[in-house]
Amino acid sequence: MPAVVDIEKCTACETCVDVCPAAAISMEDGKAKVDADLCVDCETCVDECPSEAISME
């Protein structure tokens with residue numbers, strides 16, 4: 044299951060974009076967005092997100 048971003052919690056800090064080993068996260072309309080086709084389910088973004096806005100679906 045790919046990572047999912049809670050856009051209400053996302054602060055657009057881009058930490059997840061920087062740490063994603065699969066380059067599956069981009070910023071869209073000021074919020075992080077995960078490309079499910081690229082996500083490798085490693086949970087790095089979940090662990091690194093300072094606002095706890097990312098979870099595994």
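With the working numbering applied, the sequence shown corresponds to residues 44 to 100, in that order.
Note that beta-carbon positions come from the ideal geometry of N, C-alpha and C, so glycine has one too.
query, result
"Rounded to whole angstroms, how far is the Cβ of Ser98 from the Cβ of Thr54, which I believe are closer than 8 angstroms?", "Contact flag wrong, Cβ pair sits at about 16 angstroms."
"Applying the criterion that 16 or more other CB atoms from any shown protein chain within 10 Å of the CB defines a buried residue, is Val48 buried or exposed?", "buried"
"Just to confirm the assignment, what range does the alpha helix (DSSP H) spanning Glu91 have?", "87–91"
"Would you mind working out which of Cys56, Thr87, Val62 sits nearest Asp72, comparing C-alpha positions?", "Cys56"
"For Ala79, is the classification buried or exposed, using 16 other Cβ atoms within 10 angstroms of its Cβ as the cut-off for buried?", "exposed"
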